[in-house]
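Numbering (the UniProt record's numbering), first residue to last: 1 to 258.
1. DSSP on residue 30, reduced to helix/strand/coil?
2. Where in the segment 103 to 150 do unbroken runs of the beta strand (DSSP E), each at least 3 residues long, occur, reported from the N-terminal end onward?
3. Going along the chain, which residues of its own chain have a beta-carbon closer than 6 Å to the beta-carbon of residue 77, five neighbours each way excluded?
4. In three-state terms, what does DSSP make of residue 222?
5. With a CB to CB cut of under 8 Å and the five nearest residues on each side skipped, what residues in its chain are close to residue 241?
6. Between residue 187 and residue 222, is the Cβ-Cβ spacing less than 8 Å?
7. Express the C-alpha separation of residue 250 and residue 217 in angstroms, rounding to a whole number.
8. Give the single residue among 178, 247, 124 and 142 whose Cα lies nearest to the Cα of residue 108.
9. Where do the N-terminal and C-terminal ends of the beta strand (DSSP E) with residue 208 fall, by residue?
10. Along the chain, where does the alpha helix (DSSP H) that runs through residue 237 open and close?
11. To the nearest whole angstrom, what separates the beta carbons of residue 259 and residue 32, a pair I think is in contact under 8 Å?
12. Does the separation of the CB atoms of residue 304 and residue 91 fall below 8 Å?
13. If you count every other CB in all the chains shown that lies within 10 Å of the CB of residue 174, and 16 or more means buried, which is it?
14. How far does the alpha helix (DSSP H) with residue 23 in it extend, from its first residue to its last?
Okay, structure coming up:
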């Protein structure tokens, strides 16, 4: 008897690894995807993706949109992530100071942490008529491109710095730093001055200004930044940024948070 056509071989990943690949297919701009899109983005066979999605939906980690055609992240996954988020204490400490800073700048105030070779934005305050800004909560940018990323890169381990300097350094505008030698000099300047100003590095009309946020051991744990119009007034916010960062540090090291 001639055997029929065999099914496509299962990928060697374990069940958990496959689930992670499916969950990682979502991003801040693609919050609802079809099963076919999830299959393509995750690199898993359609049959495997369909089966995994059904299981994740059953456990409320994923959910179907009202029309049933697309899949989105489930509320339970958000709930579990919020409980265990390592940045929760940092965000809670930072938010009052970010709100005060926001009343001064009236544009964007954001808090970023180092995640791999990116800056991951864990909080952001904005305003209706604020200057254009590409960052979003839970969004990422390369370390070399944004003000927050440059602050974190300047204080990162030498291994991280070496890998970023090795490139590629993606240009967003003509002002984005894409030369390793120039970037190396810029990082030294950030460590010397304690802040960074990035006029037009991601969008020509916008400027980023950021300072480090430190813990009680003087380690840089985050970057506090603003995105404001790209004009001569941008750097005037540096004293307010520094005061807010110092306030966050004091709050993080009080006895009830230590």
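Think of the CB as a built atom: it goes at the ideal place given N, C-alpha and C, for glycine as much as any other residue.
From the atom records:
1. DSSP, reduced to helix, strand and coil, places residue 30 within a strand of the structure shown.
2. The segment 103 to 150 contains these whole beta strand (DSSP E) runs: 108 to 115, 118 to 125 and 140 to 142.
3. Once the five neighbours on either side are set aside, the close Cβ partners of residue 77 are 61.
4. Reduced to three states, the DSSP call for residue 222 is strand.
5. Only 101, 195, 209, 210, 211, 224, 225 and 226 meet the Cβ criterion.
6. Cβ distance not < 8 Å, so residue 187 and residue 222 don't count as in contact.
7. If you take the alpha carbons of residue 217 and residue 250, they lie about 12 Å apart.
8. Among 178, 247, 124 and 142, the Cα nearest to that of residue 108 belongs to 124.
9. Here the beta strand (DSSP E) through residue 208 covers 206 to 214.
10. Neither: residue 237 is in no alpha helix (DSSP H) and is coded neither H nor E.
11. This structure cannot speak to residue 259, because the chain is shown only from 1 to 258.
12. In this structure the chain extends from 1 to 258, so residue 304 is not present and cannot be described.
13. Residue 174 sits exposed, since fewer than 16 C-beta atoms from the chains shown fall within 10 Å of its C-beta.
14. Looking at the DSSP string, the run of the alpha helix (DSSP H) that includes residue 23 is 15 to 23.
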